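Residue numbers (full-length UniProt numbering), protein chains in the order written: chain A, 1 to 417; chain B, 1 to 565.
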């Protein structure tokens, strides 16, 4: 028996016998193993350490990974490929080197940068894309890019996307077949952002310690240190915000501003632990293995997980939405107040669960409502910001929204309330 | 940093390293972790011919997830030697580990993860280590990687029970993972971390005098307020004010059913000023939204009532743990006032800063005086009981009061097994799970638990009889005889128990389980390691709510279930 057969004994056993849930037409054995080992996989995101380890020990031999971050001390409580001495080095390179050294016969190609730095030609080389990204924006970008790549004439252009995310004891894993199943954009409203505190509360009537921190971060910094670009990783900057927040809190007799809270608010820190990351990363890599080998049915298409009270999962099929701005062909309905100004409407797009667009530009079929770039056009459309929606669009009219964070336009049908 | 006074110097490097988890279990949880040493019994002899024992990947992955957040230490007991197959599935082994003791090698590579954590390894079988009476008591938790023969499992679990050490027993085989817990007979938790939305206790229907006074004072001139003032009256005070008005026209009664509450809601809505630019008032919107949730009389949740009625709460002794002494004092508080101590937290709401802060201090002061009352009852109990220990810290009583409505007591059970000693309740619960598919519900995953029990029995037979060591763990005869025996046990008290669906579901689980021939897939081992570590964290920190008492994860169909067996 060759070395590799012994090395992969456990895995090959499962791949060499049919199971009760594997497809009747599935042929176990060498062909399945070969197709697994020749599958090129792309991975990215904060769950990267777990994902790389799991893929390498699941028989994948050609793995590419993208990560723009460098290692921070706060990663060490869960990102187990990194040590104290690695702080400041690029994550993708350290992780790739570690797993290549530990697991025989695997090749891991790191790229230090953003997923947005790569184009369709790059993503076309992979069989499956797996992401444990920590930002919704990056998820939406890869989702819309993969959907844009689908060519009905070419089955190879359809790249399954397996996505995982965690927050504290909670998480989710999902499988997306671009254009065929519900996509990340269809499910956007299941991941609504936390509502922002109104600016007037922060500026004039703070009540919570967080309001004082937001004031120090958003207002005091602008007034006192507008020449320094604020850097949330700079301890001196955080300390300054902390002491400004503390002072304001004392003025208003508000208790509870701490350094930890200041960091949490300013950096929008999400709690993260090794165990939840392990559960979610392993769920996603398990789906990748099933998709690559057909040894068992893959997830259709969403598993939510919560671990605060025992172990709870809920597996269901999220629906594909015909009015999804990315994979549907109908404009998504949005109810708006006709008396609202365009400016207020644009601000609300950042917070509305179904949009979450931070820097939108808008146009209708007839005219451009507001365009951020180039500057001449911005200047030309700026007066529209003060107009009410009913002065600019008709009830039920379609608006195309573009945002620098995305490659595609989002279409919304504005219905007056 | 030098330019800043010491008080503003940021967190310590330890606080920075653990920042993302301290936001979940705080310094108290972290301290509990750092004081804990965890025992992993990762294999216990060969599982038949051509096997060196349980692969133990899930066990090692569990420890990884405990070493990273910084437990005090761990002990690995594992008599196996590292094989080529281990290298292909276990990340915490490397090529030079081949042929060496697996306990030492996994221990060495796990220790690299966190210099704060101590690691110890033994290649001696667990039954031998148990002869040393000082061995087990060093540990705060025991994790066992199954399948394990009963002559090792049973004494280990019994000793752990006697010493009050919780046990987690886990299996990771192919696409399946199951694990069960054995907790103390009563396992109390104070900090259950419920959803903040569900913990609001505003007492709008039973306000105390200070709250009534401030509501009356701040809303007496509601109609004559200017728009700015009117739009900044905290919604809690609005509701108290309009409840008063409502009662005057409803014979002194507050809205008590859904119909009345919706009427009351419309009444509040109608009082908002709409002749402004926004066409409404945010504080009134908040009041309207809060009606259904907050206009309810205080009622004691049945789970808390049960805790008050438990023997341990009713009959305190000098040896009663702190939890029961405080619970008893809070029961006294409840008997006297008909409510639990006020948690004292106030949600954010539209209001002027000073108004909000003064309302907040009314809630805080009430909470503080409730704590003081409970503390004085605790002190009385302490002296009546003549407790030998030092006085219960006031901070502990305060945390208890804050969480009083959400405390929990898990009644620990033994690791569930299907054998001739199984109690009828366990068998009955399994049967009722199996019959769910008759109701058109998805297949119960309890069939995976049953298949795992058959695997345990097969391994038990191989390991317990020397002439069997030549048999394979996939031996057809062994599987057949133990499957029949366990199915018969399931039907012991109920001959009609297993219908065609149930049998099929069990057969499928057995087929999927045997596919792996007791081998582990790294993904599932890692997933199991995540779940088991999560339960370990909850048990060690005594925060959040631990599993009670078995979880099955089906990686073939990407779902899980929990049972109490």
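Here a beta-carbon is modelled for each residue, glycine too, at the ideal position from N, C-alpha and C. Nothing here was measured: the structure is a model prediction, and the numbers come from that model.
Assuming residue i and residue j make a contact with CB atoms under 8 Å, what is their CB distance in whole Å?
i: residue 509/B; j: residue 448/B; result: 5 Å
i: residue 147/B; j: residue 554/B; result: Rounded, the Cβ-Cβ distance is 18 Å, inconsistent with contact.
i: residue 28/A; j: residue 16/A; result: 5 Å
i: residue 202/A; j: residue 211/A; result: 5 Å
i: residue 194/A; j: residue 254/A; result: Incorrect: roughly 20 Å between the Cβ atoms, too far for contact.
i: residue 286/A; j: residue 524/B; result: 7 Å
i: residue 130/A; j: residue 256/A; result: Between residue 256/A and residue 130/A the Cβ distance is about 40 Å, and since that is not below 8 Å, they are no contact.
i: residue 48/B; j: residue 462/B; result: 5 Å
Quick one, which of the options has its alpha-carbon nearest residue i's?
i: residue 321/A; options: 55/A, 398/A and 189/A; result: 189/A
i: residue 539/B; options: 392/B, 431/B, 186/B and 477/B; result: 186/B
i: residue 388/A; options: 296/A, 275/A, 336/A and 228/A; result: 336/A
i: residue 345/A; options: 325/A, 324/A and 384/A; result: 384/A
i: residue 72/B; options: 54/B, 165/B, 30/B and 358/B; result: 30/B
i: residue 172/B; options: 512/B, 242/B and 323/B; result: 512/B
i: residue 136/A; options: 282/A, 205/A, 40/A and 183/A; result: 183/A
i: residue 217/B; options: 200/B, 202/B and 240/B; result: 240/B
i: residue 79/A; options: 428/B, 83/B, 525/B and 64/B; result: 64/B
i: residue 307/B; options: 232/B, 363/B and 406/B; result: 406/B
i: residue 318/A; options: 310/A, 234/A, 303/A and 365/A; result: 303/A
i: residue 301/B; options: 273/B, 291/B and 339/B; result: 339/B
i: residue 168/B; options: 531/B, 559/B, 561/B and 560/B; result: 531/B
i: residue 223/A; options: 110/A, 143/A, 95/A and 244/A; result: 244/A
i: residue 419/A; options: 140/A, 265/A, 52/A and 82/A; result: As shown, chain A starts at 1 and ends at 417. That puts residue 419/A outside it, with no answer to give.
i: residue 304/B; options: 425/B, 188/B, 373/B and 220/B; result: 188/B
i: residue 361/B; options: 345/B, 375/B and 376/B; result: 345/B
i: residue 289/A; options: 314/A, 69/A and 161/A; result: 161/A
i: residue 40/B; options: 115/B, 388/B and 165/B; result: 165/B
i: residue 409/A; options: 54/A, 144/A, 205/A and 260/A; result: 144/A
Counting only beta-carbon separations shorter than 8 Å, does residue i have a partner in chain A?
i: residue 544/B; result: yes
i: residue 312/B; result: no
i: residue 64/B; result: yes
i: residue 211/B; result: no
i: residue 4/B; result: Here the model assigns residue 4/B a pLDDT of 38, short of 50, so the residue's position is not dependable and the matter cannot be decided.
i: residue 55/B; result: yes
i: residue 508/B; result: yes
i: residue 225/B; result: no
i: residue 416/B; result: no
i: residue 1/B; result: With a pLDDT of 34 at residue 1/B, under the threshold of 50, the modelled position of that residue is not reliable, and no figure is offered here.
i: residue 11/B; result: yes
i: residue 452/B; result: no
i: residue 218/B; result: no
Just list the residues that DSSP pairs residue i with in beta bridges.
i: residue 174/B; result: 520/B
i: residue 176/A; result: 161/A
i: residue 118/B; result: 73/B
i: residue 347/B; result: Paired residues: none, contrary to the question.
i: residue 543/B; result: 191/B
Are any of the Cβ atoms in chain B nearer than 8 Å to that of residue i?
i: residue 43/A; result: no
i: residue 268/A; result: no
i: residue 164/A; result: no
i: residue 126/A; result: no
i: residue 48/A; result: no
i: residue 29/A; result: no
i: residue 304/A; result: no
i: residue 39/A; result: no
i: residue 24/A; result: no
i: residue 311/A; result: yes
i: residue 322/A; result: no
Under 7 Å from any heavy atom of the ligand PLP, does the C-beta of residue i make it?
i: residue 63/A; result: Ligands are entirely absent from the displayed structure, and the ligand PLP is therefore not among its contents.
Task: Completely contained alpha helix (DSSP H) runs for the segment 26-65 of chain A, where each covers 4 or more residues - done: Segments of the alpha helix (DSSP H) lying fully in the segment 26-65 of chain A: 30-37 and 48-56.
- [ ] Can you give me, in chain order, the residues of the UniProt domain "E2 binding" (334-417) of chain A that have a beta carbon less than 7 Å from any beta carbon in chain D?
- [x] In summary, chain D is missing from the structure at hand, where the protein chains are A and B.
Task: Whole runs of the alpha helix (DSSP H) within the segment 160-246 of chain B, excluding any shorter than 4 residues - done: 209-219 and 227-230
Task: Inside the UniProt domain "E2 binding" (334-417) of chain A only - beta strand (DSSP E) runs reaching at least 3 residues - done: Qualifying beta strand (DSSP E) stretches, in chain order: 361-364, 368-370, 397-402 and 410-416.
TODO: Enumerate, from N- to C-terminal direction, the unbroken alpha helix (DSSP H) stretches of 4 or more residues contained entirely within the segment 199-275 of chain A.
DONE: 199-203, 209-214, 221-225, 235-251 and 259-267
Open item on the list: Which runs of the alpha helix (DSSP H) at least 4 residues long sit entirely within the segment 122-168 of chain A? Give them in chain order.
Closed with: 136-149
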